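Just so you know, the sequences run in chain order A and B. Mapping of the first sequence onto the working numbering: position 109 corresponds to residue 101, and the numbering continues sequentially without gaps. Quick note, the working numbering runs 602 ahead of the 1-based positions in the second sequence. Where is the CB? At the ideal position from N, CA and C, for every residue including glycine. Only a predicted model underlies this, so the values are computations on that prediction, with no experimental measurement involved. Heads up, the thing below is written out as structure tokens.
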Amino acid sequence: METERPATRPTWAAAQDVFAISIERMLPRPRSFWVFLLMAMPVVFGILLRIYPPRDLPLTGFELYGMVVALFFVRNLLPLVALLFGSALISDAVDSKTLTYFLTRPVSRLSIFIGEFMAYLVTVMTLTVPCVVLTYIVLSVGTPQGAGFGATHLVQDLAACALTLFTYGALFALLGVSLKKPLIPGLLFLFVWEGFVANFPGDAPNYTLTAYARSLIRHRPAEEGLAELFSKFFGVGESVFVLGSVGVISLVLATWIFSRREYVISS
Amino acid sequence: MNRSRRLIVTAAAISVLGIGAAFSTRLTGTARAAIGPVPPEALALPADSSVLMGFDVHALTSSDFYAKFGNEGEPGHVDALAELEKKTGLNPARDIDSVVIALKASPASDKAKQGPENALIFVTGRFDAARLESSIPDSGKATKERRDGVTIYREATGKSNGAVALLDAGILVAGDSASVEAFLANRQSGHGVRDSKELVSLLESVEPGSTFWAVGGPSVLSRATAGVGGPAANLPSVKQVVAYGHLDPEVGVTATAEAADAKAATKIADVLRGFSAMLSLQAGQKAELAQIADSISVATEDDKVHVKATITHELLDSLKKTMGSEHRARKAVADVEAAIQH
């Protein structure tokens, strides 16, 4: 007896369903809580700094905010968060059996991947955006420059954070669907390649993502010593183009690999 | 999706409130009336000014920097303030809050007119008309006119065309007579800095709270670089410059110059980096120069060159001591040579 195969749901509608289920798996979870605590560290330090201001701090509040966004968020924490969430995009779905559920429904693999990636983006943005905004407010309200001075920079910084999360997330999602254990290669990529090569002289920084991401934050104070000498800055348009292209290409490749890969689901 | 929805809505609410607060401060703060660092009363300065510059005298004189380096012959000593005190009896620390200077470039051919007479100086503070009048050296050499609530003093000897207008007990404008008259006319008609979109845009990019700042167009800048000579004279022309800085807790200067194109910007940046490298090379003779070179950062962005420098008071102090000992050594050698000749 032959059963009639149900028609596959439209891609976008199915992706929205996958998103609704996946966001519940990603956002209200201990991992998100710990990541949020890490992201909120500059806010806590900012409050302490305002309550107990050091006598010889050689930076204004806005400059300090610029350093926090460029070095703490864009340079270090956001790629790490993207690695944690992005590389586990599908493996978490396998572990939690939601992938079993999706694969046994009339939903295309493209819809599953798009829904999962949308859930990743919303999760990491929900954790990141309030922390960046609060860091800005805490460090700039009541200073001589005031909170209004860097308002446009704040919006630009949030866009830079979103682009960083998108690009690294897509890249690590590609790593996640390609490799069985993507965490170690991901960490090596972040701390060896991105950490060192971006500060090499010559054209070496052209081949790192972090050099483009940090070029989007232009209001931070000057670096000193070798970092200043070798730091390479790209134009905003060029940086957005490179990060966007890498993100889109990684996403397309990841979707393609995910569509063709066989997953052995344990019962 | 209830738990997630609550978290997303909370995060969105915090973010929107934060961004909204930042933008509302920008729109409703004191900056609405003023343009950048130029107070509302100074907006009658001419729209065709080539350079506008200013400093927060109150912040300068109450700074640690001024306390450490404000004596004569030191880097924080401002000759113009000392001269002002000598001539008018105004004590900068006590009587003056801020100064804004508008410079107008003379036509290249009109060399005779180049100089201080092109400067219109706007000062806010606490001015006592009686004390100002008494500070005018010889009675009869200045004429006094009272018009529309403004007291105008004009130089009466014929040696110069200078005028000082006391707008009220808190605002004073000084410059050549025609410029002061133009300022007063602008004040009546509502014209001034606001008429120039370029100036407004440059002024709005000055960081609020800066102790000193300057914005300028090409004419004066090209004259300035031509006057310096050497490699600076060969620099590509600069369309406009914005510079500002603070003195405490360290001396920090930020400058952005807009060149004709990206190639010209790179050339300017290379010259500046070369200057920084030259300072580093002299580290053997003066270790402080290497630190100064380290503190200068140069970056390009399309047709713009960004320069930032941060110099600590300790470094300045150390440099002052080194230069002081060199000066004393040179003086001792000169004294010995003079004694031998005698």
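{"Query": "Whose Cβ in chain B lies nearer than 8 Å to the Cβ of A:Y128?", "Result": "G620 and A624"}
{"Query": "Could you spell out where the beta strand (DSSP E) holding B:E747 opens and where it closes?", "Result": "A744 to R749"}
{"Query": "Hey, is B:P642 close to the ligand HEM, as in C-beta under 6 Å from one of its heavy atoms?", "Result": "Among the components of this structure there are no ligands whatsoever, and the ligand HEM is therefore not found."}
{"Query": "Would you please verify whether the beta carbon of B:R605 is less than 7 Å from any beta carbon of chain A?", "Result": "yes"}
{"Query": "DSSP state of B:L722, grouped into three classes?", "Result": "strand"}
{"Query": "DSSP beta-bridge partners for A:F181?", "Result": "A:F181 pairs with nothing; no bridge assigned."}
{"Query": "Using a Cβ-Cβ cut-off of less than 7 Å, give me the residues of the region 890 to 908 of chain B that come near chain A, in sequence order.", "Result": "D896, S897, S899, A901, E903 and D904"}
{"Query": "Less than 7 Å between CB atoms is the rule here; does A:F158 satisfy it with respect to chain B?", "Result": "no"}
{"Query": "Taking a Cβ distance cut-off of 9 Å, strictly less, list which residues of the region 775 to 792 of chain B are near chain A, in chain order.", "Result": "none"}
{"Query": "From B:D863 to A:P197, what distance separates their C-alpha atoms?", "Result": "24 Å"}
{"Query": "For the putative contact between B:V855 and B:G847, defined by C-beta atoms under 8 Å, what is the C-beta separation to the nearest angstrom?", "Result": "4 Å"}
{"Query": "How is the beta strand (DSSP E) around B:R796 delimited, first residue to last?", "Result": "That residue, B:R796, is in no beta strand (DSSP E); it is neither H nor E in DSSP."}
{"Query": "Under 7 Å between C-beta atoms, does B:S839 make it to chain A?", "Result": "no"}
{"Query": "Per DSSP, what kind of secondary structure is B:E607 in: helix, strand or coil?", "Result": "A quick correction: the sequence has Arg, not Glu, at residue 607 of chain B. Helix at B:R607."}
{"Query": "Rounded to whole angstroms, how far is the Cβ of A:S70 from the Cβ of A:T120, which I believe are closer than 8 Å?", "Result": "Looking at the sequence itself, residue 70 of chain A is Leu, so the reference to Ser does not match. Indeed they touch by this definition, with Cβ atoms about 7 Å apart."}
{"Query": "Pull up the DSSP beta-bridge partners for B:Y846, would you.", "Result": "B:W815 and B:T856"}
{"Query": "Start and end of the alpha helix (DSSP H) containing B:I894?", "Result": "A889 to S897"}
{"Query": "Could I get the ranges of all uninterrupted beta strand (DSSP E) runs contained in the region 72 to 156 of chain A, with 3 residues as the minimum, in chain order?", "Result": "none"}
{"Query": "Less than 8 Å between C-beta atoms, sequence neighbours within five positions excluded: which residues of the same chain meet that for B:S664?", "Result": "A695"}
{"Query": "Within the same chain, show all residues whose beta-carbon is closer than 8 Å to that of A:I249, passing over the 5 residues directly before and after it, in chain order.", "Result": "L166, V169 and S170"}
{"Query": "Flag this pair as yes or no: are the beta carbons of B:A744 and B:I754 separated by less than 7 Å?", "Result": "no"}
{"Query": "Taking only beta-carbon positions, decide if A:I15 is within less than 7 Å of chain B.", "Result": "yes"}
{"Query": "Pair every Cβ in the region 58 to 67 of chain A with every Cβ in the region 95 to 109 of chain A, then say whether three or more of these pairs are closer than 8 Å.", "Result": "no"}
{"Query": "Indicate whether B:G777 and B:L722 have their beta-carbon atoms separated by less than 7 Å.", "Result": "yes"}
{"Query": "Suppose contacts are defined by Cβ-Cβ distances below 7 Å. Is A:L81 in contact with A:Y112 by that definition?", "Result": "yes"}
{"Query": "Straight-line CA distance for A:V10 to A:F109?", "Result": "10 Å"}
{"Query": "Give a yes or no on whether 7 Å exceeds the smallest Cβ distance from A:A139 to chain B.", "Result": "yes"}
{"Query": "Find the residues of chain C that neighbour A:A32, judging by a C-beta separation of less than 7 Å, and give them in chain order.", "Result": "Looking for chain C here will not work: the only protein chains present are A and B."}
{"Query": "Can you find the residues in the same chain that come closer than 6 Å, C-beta to C-beta, to A:A74, ignoring five residues on each side of it along the sequence?", "Result": "L157, Y160, G161 and F164"}
{"Query": "Are the C-beta atoms of A:T118 and some chain B residue less than 7 Å apart?", "Result": "yes"}
{"Query": "Do B:S812 and A:V125 have their beta-carbon atoms positioned less than 7 Å apart in this structure?", "Result": "no"}
{"Query": "What residue range is occupied by the uninterrupted beta strand (DSSP E) comprising B:L654?", "Result": "V653 to D658"}
{"Query": "Going along chain A in order, which residues have a C-beta closer than 7 Å to the C-beta of B:A613?", "Result": "T118, V121 and P122"}
{"Query": "Can you list, in chain order, the residues of its chain with a C-beta nearer than 7 Å to that of B:W815? Leave out the 5 residues immediately preceding and following it.", "Result": "P639, M655, G656, V808, A845 and Y846"}
{"Query": "Out of B:A615, B:K799 and B:S606, which one is the CA nearest neighbour of A:A12?", "Result": "B:S606"}
{"Query": "Say whether chain B places a C-beta atom closer than 7 Å to the C-beta of A:L19.", "Result": "yes"}
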